[in-house]
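Engineer: Can you read through this structure? Questions will come right after.
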DNA sequence: TATGAATGAGGCTTCATTCAT
DNA sequence: GATGAATGAAGCCTCATTCAT
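If you want it as structure tokens, here you go:
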């Protein structure tokens, strides 16, 4: 007997429950600032056996990516909405702000977003999907003279993560976030 | 018998030699892409005992900072020269490019540069010294309307490291470095 | 619905098929040099659930013995034929060669053959049956002065397995097999 | 400060003591019938840290071989004495008996003796040395017509270990040892 | 000061076995 | 009967740090 969830293909009910528990605990660990995602620790906190975690996620990275796949899906949806905006520049800026805030909030998400090499095919698919929407926005904004000609969707993804990195490096929490994001947005405009 | 080096107080000749060896090996490790700086490994490669490394550098972080203190000193010198430039904007840009290239080349250097909390007092002093020169350049460039009003020297330091981070995230080596740096420089101009 | 096989009592058709699959895969594993017979691995390769393997064979040893029971049955048949040989010495030698070659080929078989403690009653029965034929051959050959007086059937079984062991210890495959077997056969003759 | 023992090159006094402790415990384990030589267990029993055991013996096999190197040395000495015997056949038989008893007593020793691939160079050297003495005895005995022409020193080594194996397979302890050894000795005589 | 052997906590991973479905 | 997800004990090994020499 199987259930169909958004997590993926058919899983036995108990397996799905365990998988969800593990994901939840992993998210908590990251939120608590522990980036190591030690599978043993996650298993203990999730109240499942180590083997169970290993079955679902052979490596911390796999777990990280599963987590991000969830976030990435939300981002892809948002990107589609943004791409439908009549005002391409407004759409782009809104999307960047949305992404920025998420990445600032969740360092694991940022890590996956900026990485050039994914372990899970699903991650790459989602990023490609995301990049398609961003490319469309960029092209339209570019035609309107609002964005420089030499940056592509993946550049924007990386520059945004770099900006998140810059905010994090500061000790005062996200106090400078607004300014740094604005520096990026200005930087994306055509050179004068 | 003691020698006087720029590293600090008088050291016995053999101690100074050991210290230098350790620093050299550590630099090689980092250049080789091994960021872990395991003190045991460094000791072995340097041909000294572990204890000796621990005496000089109680933690990997201390070693990292000692390394960066050397680089930082060079950067401080460059910053002083830049601050003497009549054209503040040109001086600033030159300095940023210089820093950018170093940080891109040496991830340990970038890490120290962006960190908000130093372990060694010397590091903090050097950063303060650096920031003074940058502040001066920023102020002059700002008066000329060439730089936005809401960024300070440490913002610039962090944004630069964020940009380095963005370049690193790409797989194609530093291919996009020029573009990303230009995005930052444009972003630092006053908002339109 | 049940079938009657030589394996034992009536089994449902699907159960019998699964049992046979498991045995076949186990044989392949051993032939491939993997002596561990991990029941999980066997189950996967056989395309059945772990539980199924466990139902049929509670331990790897049980599986091993089931495998050997099949071989042992063939050996018992051969021994009966040999015991019918008019020339007892010729019969004995032929049987030893036959056994030697099988054991050399299949280390699991050798292990069961030499063991003094069987887990399955069936194994002990077959060995006793085998030893009866060998004892008969030995006695007849002994009367003809062709075999030393102080070795019994189980000694011969063990010495043969020891010889197999000696061949295996060499790195050059079974190159020395003939010589080693001949050393054993000579050694079984009466002392001069 | 170092000491010179037969174990090898200079070792610090404490290191030598630990090494000896580990070897002693390992020997006890093997004598107790535990062939696994788990390094963690050995460390615990020896009252030293795991790391210490790993430093001296990176693998169970290395430990096994170190143990056997000691025994092997004794065997090499005995072989030299035997090779000096005027009666080559008597010397050979005495040496085989000596070896047989040791190997029967210590399964680790037998395992190293029969193996065709050593991990430690020292082991191979000792075996080569041993084989030289045996070869000499064999050649002399052969010239006197007392040994078959087609067996070399390493064949004898392996056949002897095979015989040990045969004795071990029996449940009644070494009751049949004498007979089995005699079968081997008879088997080594020229074929009639 | 320098050495490097020793330490052992800490993390990782497998796999034999059980049991809910 | 069959399935295979779950379990977690048990083994493995590394490496940061200490301290006797």
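Chains as they are written, first to last, in my numbering: chain X, 1 to 192; chain L, 1001 to 1192; chain Z, 2001 to 2192; chain R, 3001 to 3192. Glycine is no exception: its CB is placed at the ideal position from the N, C-alpha and C atoms. Small disclaimer: the values here were computed from a predicted structure and weren't measured.
Classify residue 36 of chain X as buried or exposed, calling it buried when 16 or more other Cβ atoms lie within 10 Å of its own Cβ.
Structural biologist: For the purposes of this step, residue 36 of chain X is taken as residue 36 along the first chain, with counting starting at 1. Note on residue 36 of chain X: under 16 other CB atoms within 10 angstroms of its CB, so exposed under the neighbour-count rule.
Engineer: Rounding to the nearest angstrom, what Cα-Cα distance links residue 63 of chain X and residue 185 of chain X in this structure?
Structural biologist: In the first chain, counting from the first residue as 1, residue 63 of chain X sits at position 63. In the first chain, counting from the first residue as 1, residue 185 of chain X sits at position 185. Pairing residue 63 of chain X with residue 185 of chain X, the inter-Cα distance amounts to about 32 angstroms.
Engineer: What residue does the alpha helix (DSSP H) around residue 80 of chain X start on, and which one ends it?
Structural biologist: Here residue 80 of chain X is taken as the residue at index 80 of the first chain, counted from 1. Run containing residue 80 of chain X: 60-83, per the alpha helix (DSSP H) assignment.
Engineer: Under the rule that 16 or more other beta-carbon atoms within 10 Å means buried, what is residue 1074 of chain L, buried or exposed?
Structural biologist: Along the second chain, one-based indexing puts residue 1074 of chain L at 74. Classification for residue 1074 of chain L: exposed.
Engineer: Is it right to say residue 2117 of chain Z is buried, meaning 16 or more other beta carbons lie within 10 angstroms of its own, or is it exposed?
Structural biologist: Locating residue 2117 of chain Z in the third chain gives position 117, where the first residue counts as 1. Exposed, by the Cβ-count rule.
Engineer: Could you check whether the Cβ of residue 1012 of chain L sits closer than 8 angstroms to any Cβ belonging to chain X?
Structural biologist: The sequence position of residue 1012 of chain L within the second chain is 12, counting from 1. No, its Cβ sits nowhere closer than 8 angstroms to a Cβ of chain X.
Engineer: Does DSSP classify residue 2007 of chain Z as helix, strand or coil?
Structural biologist: As a position in the third chain, residue 2007 of chain Z is number 7, starting the count at 1. Summary for residue 2007 of chain Z: the model assigns pLDDT 48, below 50, so the residue's position carries little reliability, and this model does not support an answer.
Engineer: For the alpha helix (DSSP H) containing residue 3136 of chain R, name the first residue and the last one.
Structural biologist: Start at 1 with the first residue of the fourth chain, and residue 3136 of chain R comes out as number 136. Segment 3121-3143, the alpha helix (DSSP H) holding residue 3136 of chain R.
Engineer: Beta-carbon of residue 3019 of chain R versus every beta-carbon of chain Z: anything under 8 angstroms?
Structural biologist: To locate residue 3019 of chain R, count along the fourth chain from 1; it is residue 19. So no, residue 3019 of chain R is outside the interface.
Engineer: Measure from the alpha carbon of residue 1140 of chain L to the alpha carbon of each residue in L:1049, L:1119, L:1084 and L:1018, then state which is nearest.
Structural biologist: By 1-based counting over the second chain, the position of residue 1140 of chain L is 140. Selected option, being the one with the closest Cα: L:1084.
Engineer: With a threshold of 16 other CB atoms inside 10 Å of the CB of residue 2 of chain X, please say whether the residue is buried or exposed.
Structural biologist: Reading the first chain from its first residue, position 2 is the one you call residue 2 of chain X. Note on residue 2 of chain X: pLDDT 37, under 50, position unreliable in the model; no value is reported.
Engineer: Roughly how far, in whole angstroms, is the beta-carbon of residue 2082 of chain Z from the beta-carbon of residue 2133 of chain Z, given that I think they are within contact range, below 8 angstroms?
Structural biologist: Locating residue 2082 of chain Z in the third chain gives position 82, where the first residue counts as 1. Locating residue 2133 of chain Z in the third chain gives position 133, where the first residue counts as 1. With a Cβ gap of about 7 angstroms, residue 2082 of chain Z and residue 2133 of chain Z count as contacting.
Engineer: At the 8 angstroms Cβ level, is residue 115 of chain X part of the contact set with chain L, yes or no?
Structural biologist: Locating residue 115 of chain X in the first chain gives position 115, where the first residue counts as 1. Closer than 8 angstroms: yes.
Engineer: Please work out which residues of its chain come closer than 8 angstroms, Cβ to Cβ, to residue 2124 of chain Z, disregarding the five sequence neighbours upstream and downstream, and give them in chain order.
Structural biologist: Start at 1 with the first residue of the third chain, and residue 2124 of chain Z comes out as number 124. So the list reads 2118, once near-sequence residues are dropped.
Engineer: Does any residue of chain R bring its CB to less than 8 angstroms from the CB of residue 2163 of chain Z?
Structural biologist: One-based indexing of the third chain puts residue 2163 of chain Z at position 163. It does: the Cβ of residue 2163 of chain Z has a partner Cβ on chain R nearer than 8 angstroms.
Engineer: Residue ranges of each alpha helix (DSSP H) run of no fewer than 4 residues wholly in the segment 2024-2054 of chain Z, ordered along the chain?
Structural biologist: 2039-2046
Engineer: Just checking: is the beta-carbon of residue 2048 of chain Z within a distance shorter than 8 angstroms of some beta-carbon in chain R?
Structural biologist: Mapped onto the third chain, residue 2048 of chain Z falls at position 48. Not closer than 8 angstroms to any Cβ of chain R, the Cβ of residue 2048 of chain Z fails to qualify, so no.
Engineer: Helix, strand or coil for residue 1103 of chain L, going by three-state DSSP, please let me know.
Structural biologist: What you label residue 1103 of chain L is simply residue 103 of the second chain in a count that begins at 1. In the structure shown, residue 1103 of chain L adopts helical secondary structure according to DSSP, grouped into three states.
Engineer: Taking only three categories from DSSP, how would you classify residue 57 of chain X?
Structural biologist: Along the first chain, read from residue 1 onward, the residue named residue 57 of chain X stands at position 57. Of the three classes helix, strand and coil, the one that applies to residue 57 of chain X here is coil, per DSSP.
Engineer: Starting from the Cα of residue 1163 of chain L, find the closest Cα among X:172, X:114 and X:130 and give me that residue.
Structural biologist: Within the second chain, the letter at position 163 stands for residue 1163 of chain L. Per the Cα distances, X:114.
Engineer: What number of angstroms, rounded off, separates the C-alpha of residue 2099 of chain Z from the C-alpha of residue 2045 of chain Z?
Structural biologist: Residue mapping note: residue 2099 of chain Z aligns to position 99 of the third chain, counting from 1. Residue mapping note: residue 2045 of chain Z aligns to position 45 of the third chain, counting from 1. Going by the C-alpha atoms only, they are around 29 angstroms apart.
Engineer: Tell me which same chain residues have a C-beta within less than 6 angstroms of the C-beta of residue 197 of chain X, skipping the five on either side of it?
Structural biologist: Nothing about residue 197 of chain X can be read from this structure; chain X reaches only from 1 to 192.
Engineer: Measuring CB to CB, does residue 2126 of chain Z end up less than 8 angstroms from residue 2091 of chain Z?
Structural biologist: Position 126 of the third chain, counting from 1, holds the residue named residue 2126 of chain Z. Position 91 of the third chain, counting from 1, holds the residue named residue 2091 of chain Z. Not in contact: residue 2126 of chain Z and residue 2091 of chain Z (Cβ atoms no closer than 8 angstroms).
Engineer: Quick check on the DSSP output: the alpha helix (DSSP H) that includes residue 162 of chain X runs from which residue to which?
Structural biologist: Here residue 162 of chain X refers to the residue found at position 162 when the first chain is read from its first residue. First-last of the alpha helix (DSSP H) with residue 162 of chain X: 153-169.
Engineer: Using a 10 Å radius around the Cβ and a threshold of 16 neighbouring Cβ atoms, would you call residue 3086 of chain R buried or exposed?
Structural biologist: In the fourth chain, residue 3086 of chain R corresponds to position 86, counting from 1. So residue 3086 of chain R ends up on the exposed side.
Engineer: Taking DSSP as the reference, what is the three-state secondary structure of residue 2146 of chain Z?
Structural biologist: Taking the third chain and counting its residues from 1, one reaches residue 2146 of chain Z at position 146. Three-state DSSP puts residue 2146 of chain Z in coil, outside helix and strand.
Engineer: Strictly under 8 angstroms for the Cβ-Cβ distance: is residue 3151 of chain R near chain Z by that measure?
Structural biologist: Walking along the fourth chain from the start, residue 3151 of chain R turns up at place 151. Answer yes: the Cβ-Cβ gap between residue 3151 of chain R and chain Z drops below 8 angstroms somewhere.
Engineer: Alpha carbon to alpha carbon, what distance is there between residue 3103 of chain R and residue 3007 of chain R?
Structural biologist: Here the question's residue 3007 of chain R lines up with position 7 in the fourth chain. Here the question's residue 3103 of chain R lines up with position 103 in the fourth chain. Annotation note: pLDDT 44 at residue 3007 of chain R (below 50); position unreliable, coordinate value reported separately. Their Cα atoms are separated by approximately 21 angstroms.
Engineer: If you check the beta carbons only, do residue 2151 of chain Z and residue 3183 of chain R fall under 8 angstroms apart?
Structural biologist: As a first step, residue 2151 of chain Z must be located in the third chain, where it is residue number 151. As a first step, residue 3183 of chain R must be located in the fourth chain, where it is residue number 183. Yes, the Cβ-Cβ distance between residue 2151 of chain Z and residue 3183 of chain R is below 8 angstroms.
Engineer: In whole angstroms, give me the CA-to-CA distance for residue 3158 of chain R and residue 2021 of chain Z.
Structural biologist: Along the fourth chain, read from residue 1 onward, the residue named residue 3158 of chain R stands at position 158. Along the third chain, read from residue 1 onward, the residue named residue 2021 of chain Z stands at position 21. Spanning the two alpha carbons is a distance of roughly 37 angstroms.
Engineer: From residue 1167 of chain L to residue 1061 of chain L, what does the alpha carbon distance come to, in whole angstroms?
Structural biologist: Here residue 1167 of chain L is taken as the residue at index 167 of the second chain, counted from 1. Here residue 1061 of chain L is taken as the residue at index 61 of the second chain, counted from 1. Between the alpha carbons of residue 1167 of chain L and residue 1061 of chain L lies a gap of roughly 24 angstroms.
Engineer: Mind listing the chain R neighbours of residue 2187 of chain Z? Cutoff is C-beta to C-beta under 7 angstroms, in chain order.
Structural biologist: Position 187 of the third chain, counted from the first residue, corresponds to residue 2187 of chain Z. Ordered by position in chain R, the residues that pass the 7 angstroms Cβ test against residue 2187 of chain Z are 3183, 3184, 3186 and 3187.
Engineer: Where does the unbroken alpha helix (DSSP H) through residue 2187 of chain Z begin, and where does it stop?
Structural biologist: What you label residue 2187 of chain Z is simply residue 187 of the third chain in a count that begins at 1. Taken as a continuous stretch (DSSP letters only), the alpha helix (DSSP H) holding residue 2187 of chain Z covers 2177-2188.
Engineer: How would you label residue 3187 of chain R, buried or exposed, when you count the other beta carbons within 10 angstroms and need 16 or more for buried?
Structural biologist: On the fourth chain, residue 3187 of chain R is found 187 positions in, with the first residue counted as 1. Buried is the call here.
Engineer: Hey, does residue 3155 of chain R have any beta-carbon neighbour from chain Z nearer than 8 angstroms?
Structural biologist: As a working mapping, residue 3155 of chain R is identified with position 155 in the fourth chain. Yes, residue 3155 of chain R counts as interfacial toward chain Z.
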